[in-house]
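Order-wise, the sequence lines are chains E and Z. All residue numbers for the first sequence refer to this note's numbering, where the first residue is 1 and numbers rise by one. All residue numbers for the second sequence refer to this note's numbering, where the first residue is 1001 and numbers rise by one. Here a beta-carbon is modelled for each residue, glycine too, at the ideal position from N, C-alpha and C. Only one structure is covered here, and it is reproduced in the block below.
2 protein chains.
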Amino acid sequence: MPEDTTAEQAAPEDLWRLRRSIDNIDTALVAMLAERFRVTREVGQLKARHRLEAVDVAREEAKVARLRENAARAGLDEDFAEEFIRRVMAEVVRQHRIIAEEG
Amino acid sequence: MPEDTTAEQAAPEDLWRLRRSIDNIDTALVAMLAERFRVTREVGQLKARHRLEAVDVAREEAKVARLRENAARAGLDEDFAEEFIRRVMAEVVRQHRIIAEEG
Chain E
1 MPEDTTAEQA APEDLWRLRR SIDNIDTALV AMLAERFRVT REVGQLKARH
51 RLEAVDVARE EAKVARLREN AARAGLDEDF AEEFIRRVMA EVVRQHRIIA
101 EEG
Chain Z
1001 MPEDTTAEQA APEDLWRLRR SIDNIDTALV AMLAERFRVT REVGQLKARH
1051 RLEAVDVARE EAKVARLREN AARAGLDEDF AEEFIRRVMA EVVRQHRIIA
1101 EEG
């Protein structure tokens, strides 16, 4: 049984089933995000070694546009998808600058 | 070849390879987010039918705590993970309120 201690103990069986799906999806999302930052750390080290800029605006904008298309096809709100990827990319740039300074 | 038209055309082969990984991960993230909102829309409809509250603070806080643990295990920054899931949950609540009003 899930750890609910609230009014929703009275909720239907379906709710419990759907929440199991959400929990599984969240585990997958965390794993995917962890892997994305693992790869972008490698990119950061490569950029630092080759003294490349941490930010590539043209590539970022192309990425946003492509992600919005993917979102539309998958039935995900495009603005939500854009906000999400911009937040991720900002964190990547922050990490790349730290890597460049450390290197 | 990727669609880079910037200075990074001169970047090493490894960068291209890593960016292919990032693009694949982003496709997976979009698909997972789309699926999460598909499931939470079902939850919203269920809650509306049973006149349950859109927000369950106890469940949300338990979810945040569990996600931070998952993030730590996966090597993902815990604060980033928390900010991410809180943004997702805020969007879910917004959608659930719309569903409740429409119902």
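Among the residues of chain Z, those whose CB is under 7 Å from the CB of Glu42 of chain E are Leu1018, following chain order. With fewer than 16 other Cβ atoms inside 10 Å of its own Cβ, Val57 of chain E counts as exposed. Under the 8 Å criterion on CB atoms, Asp79 of chain E is classed as non-interfacial with respect to chain Z.
Comparing alpha carbon positions, the residue from E:Arg73, E:Arg36, E:Asp14 closest to Ala1031 of chain Z is E:Arg73. By alpha-carbon distance to Lys63 of chain E, the top candidate from Z:Arg1020, Z:Val1055, Z:Ala1048 is Z:Arg1020. For the pair Glu42 of chain E and Ala1065 of chain Z, the Cα-to-Cα distance works out to about 29 Å. In terms of beta-carbon proximity, Val64 of chain E stays away from the interface with chain Z, with every pair separated by 8 Å or more. Between Asp77 of chain E and Arg97 of chain E, the alpha-carbon positions lie close to 31 Å from each other. In its chain, beyond the 5 residues on either side, Phe1037 have a beta carbon closer than 8 Å to the beta carbon of Glu1091 of chain Z. A direct Cα-to-Cα measurement between Leu15 of chain E and Leu33 of chain E gives close to 26 Å. Neighbours of His1096 of chain Z across chain E, judged by C-beta separation under 9 Å, do not exist; the nearest C-beta is about 12 Å away. By alpha-carbon distance to Arg1068 of chain Z, the top candidate from E:Leu52, E:Leu29, E:Glu61 is E:Leu29.
The contact set of Glu1091 of chain Z on chain E, defined by CB atoms closer than 9 Å, consists of Asp77, Phe80 in chain order.
Within the stretch 1025 to 1037 of chain Z, contact with chain E at the beta-carbon level (separation under 7 Å) is assigned to Ile1025, Asp1026, Thr1027, Ala1028, Leu1029, Val1030, Ala1031, Met1032, Leu1033, Ala1034, Glu1035, Arg1036, Phe1037. Here DSSP, grouped into helix, strand and coil, assigns Arg49 of chain E to helix. Note on geometry: alpha-carbon atoms of His1050 of chain Z and Pro12 of chain E lie some 9 Å from one another.
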